[in-house]
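Working notes for the structure below.
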Amino acid sequence: MKTSRWLRFAIVCAAMVLAFASVAQAAVSGKLEIFSWWAGDEGPALEALIDKYEKMYPGVKVVNSTVTGGAGVHAKAVLKTRLLGGDPPDTFQVHAGQELIGTWVVADRMEDLTELYEQEGWHKVFPAGLVKLLSTDKGIWSVPVNIHRSNVMFFIPDNLSKWGVGVPATWEEFLKIAPDLKAKGVVPLSVAENWTQTHLWESVALSVLGPDKWEKLWNGELSWKSPEVIKAWEMFGDILEYTNADASSLSWQQATDMVVKGQAAFNIMGDWAAGYMTTTLKLKPGTGFGWAASPGTNGIFMMLSDSFGLPVGCPNRGNAIAWLKMLGSRDGQDTFNPLKGSISARTDSDLSKYDAYLQSAANDWRSNKIVGSLAHGVTANERFMNDFATVMEIFLQTKNANAAANAAEAVAIQAGIGR
Amino acid sequence: MVSTATRTVRGMQSRRDRVAAILIILPSIVLLAIFVYGFIGQTLKVSLTDWGREAALALHPEISYVGLKNYHELFTGFLNMRFRQDLANMFFFTLAFVGLSLFVGLVLATLIDQLVWGETFFRTVFLYPMSLSLVVTGTVWRWLLQPRGGINVLPTLVGLPAGEFLWLSSREQRLIFDWSHVLYYICIIVLVVMAFMAYGHHRRGERQQFRTKAVISAVLIGILVIGVAGGITLLDYPEEHGFNKAIWGVVMAAVWQMSGYTMALYLAGLRTISDELREAARVDGAGKFQIYRYVDLPLLKPITVSAVVILGHIALKIFDLIFAMAGPDHVPTSVPAITMFLKTFRGNEFAVGSSIGIILLILVSLLIIPYLANSFKTGEQ
Numbered sequence: 001m002k003t004s005r006w007l008r009f010a011i012v013c014a015a016m017v018l019a020f021a022s023v024a025q026a027a028v029s030g031k032l033e034i035f036s037w038w039a040g041d042e043g044p045a046l047e048a049l050i051d052k053y054e055k056m057y058p059g060v061k062v063v064n065s066t067v068t069g070g071a072g073v074h075a076k077a078v079l080k081t082r083l084l085g086g087d088p089p090d091t092f093q094v095h096a097g098q099e100l101i102g103t104w105v106v107a108d109r110m111e112d113l114t115e116l117y118e119q120e121g122w123h124k125v126f127p128a129g130l131v132k133l134l135s136t137d138k139g140i141w142s143v144p145v146n147i148h149r150s151n152v153m154f155f156i157p158d159n160l161s162k163w164g165v166g167v168p169a170t171w172e173e174f175l176k177i178a179p180d181l182k183a184k185g186v187v188p189l190s191v192a193e194n195w196t197q198t199h200l201w202e203s204v205a206l207s208v209l210g211p212d213k214w215e216k217l218w219n220g221e222l223s224w225k226s227p228e229v230i231k232a233w234e235m236f237g238d239i240l241e242y243t244n245a246d247a248s249s250l251s252w253q254q255a256t257d258m259v260v261k262g263q264a265a266f267n268i269m270g271d272w273a274a275g276y277m278t279t280t281l282k283l284k285p286g287t288g289f290g291w292a293a294s295p296g297t298n299g300i301f302m303m304l305s306d307s308f309g310l311p312v313g314c315p316n317r318g319n320a321i322a323w324l325k326m327l328g329s330r331d332g333q334d335t336f337n338p339l340k341g342s343i344s345a346r347t348d349s350d351l352s353k354y355d356a357y358l359q360s361a362a363n364d365w366r367s368n369k370i371v372g373s374l375a376h377g378v379t380a381n382e383r384f385m386n387d388f389a390t391v392m393e394i395f396l397q398t399k400n401a402n403a404a405a406n407a408a409e410a411v412a413i414q415a416g417i418g419r
Numbered sequence: 420m421v422s423t424a425t426r427t428v429r430g431m432q433s434r435r436d437r438v439a440a441i442l443i444i445l446p447s448i449v450l451l452a453i454f455v456y457g458f459i460g461q462t463l464k465v466s467l468t469d470w471g472r473e474a475a476l477a478l479h480p481e482i483s484y485v486g487l488k489n490y491h492e493l494f495t496g497f498l499n500m501r502f503r504q505d506l507a508n509m510f511f512f513t514l515a516f517v518g519l520s521l522f523v524g525l526v527l528a529t530l531i532d533q534l535v536w537g538e539t540f541f542r543t544v545f546l547y548p549m550s551l552s553l554v555v556t557g558t559v560w561r562w563l564l565q566p567r568g569g570i571n572v573l574p575t576l577v578g579l580p581a582g583e584f585l586w587l588s589s590r591e592q593r594l595i596f597d598w599s600h601v602l603y604y605i606c607i608i609v610l611v612v613m614a615f616m617a618y619g620h621h622r623r624g625e626r627q628q629f630r631t632k633a634v635i636s637a638v639l640i641g642i643l644v645i646g647v648a649g650g651i652t653l654l655d656y657p658e659e660h661g662f663n664k665a666i667w668g669v670v671m672a673a674v675w676q677m678s679g680y681t682m683a684l685y686l687a688g689l690r691t692i693s694d695e696l697r698e699a700a701r702v703d704g705a706g707k708f709q710i711y712r713y714v715d716l717p718l719l720k721p722i723t724v725s726a727v728v729i730l731g732h733i734a735l736k737i738f739d740l741i742f743a744m745a746g747p748d749h750v751p752t753s754v755p756a757i758t759m760f761l762k763t764f765r766g767n768e769f770a771v772g773s774s775i776g777i778i779l780l781i782l783v784s785l786l787i788i789p790y791l792a793n794s795f796k797t798g799e800q
């Protein structure tokens, strides 16, 4: 009896030593599989991060699994089949916010990172508004690598002065100058395929509702059928009157091209458009192209972010945590973002590494009120986003604000928004 | 004694052959049973549940049986109007794609058949598009159909004004119908087809088949009368769907890809028609056109039937071409397969996605099973 107890004790001890050894070993050697949809333009930024990681942990072999195309639609499908099949990668790219929470956190597939945040002191350097969007009452769920701004209006300053118009500060002002531009044969506002219309919608809705009501829309305190939201749809309909008819067959780059070529006056796009104009079209920020917060949203930063989390049961947990630590560090963020054309989520980043547009965005990030984007997965879960494309279609087909509001309300109920 | 021995040997041989045959096909039967029929069963099972509420991707998601609710929602739910427009798009796309592919294929085959030289060259040229993947075709045609470039600027080469048609993004609709009365339209379409077939049987004196078709037609008329009288509608409100003009762009690309294939089918068919038949017709005084009309075309009918089945099931399942040409959220050209993909893998509504999959399977079966049954029957005869 006694011997058997001793034996058991010895076995437990041995198991603990083994487990500890394997954890310790995992942190310095083995593999790390990173799953993302970053190839093409964003490829070099990810490569830079991987290089940095491999230098810090030479024993670890990084496996870079990318599934390209469709703005992540394909990658997300592959990721879902992998997790359902019990084969999670060590860490994966996901839009920060409800796209992560509504799909993976509610399914108990993610590990809480609160401890990591405290250990690394990230609460001090990430704005509280950001951390709130990444969290539920049960924890913090991902580490943001970058920050993009959704509510930006782009234009070419020389063209505007040629046409004799200023940058509208509100949508009412825009609607006043738009007929004039149209009469000159210029498209007042260029838009592209379906998702860019949702992107425009969120800027319009944010200006009509204001940041507080925008937040209430997502925690269920403001009904989709309320007069304010219907007004946002009506405003959106008025604005669409001044957009290009061939929108749905254009990519977002083509909508930006319309502005650059002087065919259109303004374009609302995320700030990756600044990267496109600077890097691909070789325009100088400030003189070659200009920007402002989208009308009526000055002082508000509508953010979206790519982030990485820690899936439950990933094979190389220690390596994945090391990866997350590096992503959240000042150095990691400043390695990735200048190449990606986005800003650091940290308020202490080294601004000298960034270009003029990004510096101005970073200054706004530090001072503005932060809200989340709908079109890019921060405020609503995937089910809502998927069906919101149908709501948008109902509106585009019927131009009926009430019909769209009713449909959105029905989708919000089905998708459990604000529950 | 000797003969008994040979018989036993032969018997053993044939038994051994049979065992060998079974062993050889066994792996494919098992694989088919699991990976095709097993998963069809699995999909059917999922489609009868509510898998896709919150936490759909949990390790052990909470799933309960809801019967035919998903199907009911798809056909009558307010938010599933996209699926219903998809069905309309698929219907019109199938009609236009199959019709045009047959027509273009037949014309090409007839022309090539008349050629004295260069036949192999042209055959290869027209067959070539088929060797491309649909994604490649879709991408190329997406560029060609750009509203500000490609096909629309072609007329400017000869001094005409540039085309203005929005090939893929037009929002104009034709042939608009009210979904709440869709059952009537289906009844009418089936009725017209049945009456037409009944007339054909009657003309050829096939009495029994004529009787079946006539009875079905009569029943349909009855259903229509009772239905109209009873005011059976799917929805409480009118919901308009129709033929989206944007479909033309997709039809063009698909016809470009597949008409070479129908050409090859027809060409093979034309080659099997014996010259004696044509000689006989010529002796009877038939002209070139008459030979084509009364000898060649009737003999090509079985080819047309196979082509309709093959092209039809491609059209019903089409996904990649449209995804590459117009992207995922472009409802004017969307089809059920795209909505199935988005519902399942983007919206996490696995049960709804499965239901759409089963509906597609049923539609394809409606096309293929009569054809298979028919060829089995002819095979036995």
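Chain order of the listed sequences is A and B. If you read the first sequence in the numbering used here, its first letter stands for residue 1, the second for the next number, and so on. If you read the second sequence in the numbering used here, its first letter stands for residue 420, the second for the next number, and so on. Virtual Cβ for every residue (Gly too), placed ideally from N, Cα, C. Values in this document were obtained by computation on a predicted structure and should not be read as measured data.
Any C-beta of chain B under 9 angstroms from that of residue i
i: residue 246(A); result: yes
i: residue 394(A); result: yes
i: residue 465(A); result: The shown model of chain A, from 1 to 419, leaves out residue 465(A), and the question about it has no answer.
i: residue 397(A); result: yes
i: residue 411(A); result: yes
i: residue 253(A); result: no
i: residue 225(A); result: no
Own chain residues within Cβ distance below 8 angstroms of residue i, not counting five before or after
i: residue 110(A); result: 100, 104, 141, 142, 309, 310, 311 and 312
i: residue 481(B); result: 472 and 474
Residue-level contact to chain A via CB, residue i, 9 angstroms cutoff
i: residue 508(B); result: no
i: residue 747(B); result: yes
i: residue 588(B); result: yes
i: residue 566(B); result: yes
i: residue 762(B); result: yes
i: residue 436(B); result: no
i: residue 671(B); result: no
i: residue 580(B); result: no
Residue range of the unbroken alpha helix (DSSP H) whose run includes residue i
i: residue 593(B); result: Counting along the chain, residue 593(B) falls outside any alpha helix (DSSP H), though it belongs to the beta strand (DSSP E) covering 592-597.
i: residue 43(A); result: 43-56
i: residue 216(A); result: 194-219
i: residue 64(A); result: Where residue 64(A) is concerned, there is no enclosing alpha helix (DSSP H), although the beta strand (DSSP E) it sits in stretches over 60-66.
i: residue 35(A); result: Element bounds for residue 35(A): not the alpha helix (DSSP H) but the beta strand (DSSP E), 30-36.
i: residue 518(B); result: 500-533
Residue span of the beta strand (DSSP E) that contains residue i, given as start and end
i: residue 693(B); result: Residue 693(B) -> no beta strand (DSSP E), and no H or E assigned at all.
i: residue 254(A); result: From DSSP, residue 254(A) is part of no beta strand (DSSP E) but of the alpha helix (DSSP H) over 252-260.
i: residue 91(A); result: 91-95
i: residue 188(A); result: 187-190
i: residue 369(A); result: 369-372
Close beta carbons around residue i, own chain, < 6 angstroms, minus the five adjacent residues each side
i: residue 22(A); result: The predicted position of residue 22(A) is uncertain, since its pLDDT is 46 and thus under 50; a value taken from the coordinates is nonetheless stated next. Same-chain partners within the cutoff: there are none.
i: residue 181(A); result: 188 and 265
i: residue 773(B); result: 462, 465 and 466
i: residue 270(A); result: 148 and 150
Proximity test, residue i beta-carbon vs the ligand SAH heavy atom, cut-off 8 angstroms
i: residue 618(B); result: Ligands displayed in this structure: none; no statement on the ligand SAH is therefore possible.
Contacts around residue i, its chain only, beta-carbon distance under 7 angstroms, and the 5 residues preceding and following it disregarded
i: residue 177(A); result: 165 and 168
i: residue 24(A); result: For residue 24(A), the predicted structure reports a pLDDT of 43, less than 50, and the residue's modelled location is therefore unreliable. A value from the coordinates is still provided. Excluding positions up to five away in sequence, the list is empty.
i: residue 591(B); result: 664
i: residue 600(B); result: 652
Distance CB(residue i)-CB(residue j) smaller than 9 angstroms
i: residue 279(A); j: residue 341(A); result: yes
i: residue 63(A); j: residue 29(A); result: no
i: residue 671(B); j: residue 557(B); result: no
i: residue 406(A); j: residue 284(A); result: no
i: residue 210(A); j: residue 395(A); result: no
i: residue 499(B); j: residue 469(B); result: no
i: residue 305(A); j: residue 74(A); result: no
Three CB pairs or more closer than 8 angstroms across the region 257-266 of chain A and the region 213-231 of chain A: no
Do the region 755-764 of chain B and the region 699-718 of chain B make contact, defined as three or more Cβ pairs closer than 8 angstroms? no
With a threshold of 8 angstroms, are at least 3 pairs of Cβ atoms found where one atom belongs to the region 192-204 of chain A and the other to the region 371-382 of chain A? yes
When the Cβ atoms of the region 319-337 of chain A are set against those of the region 242-249 of chain A, are three or more pairs found closer than 8 angstroms? no
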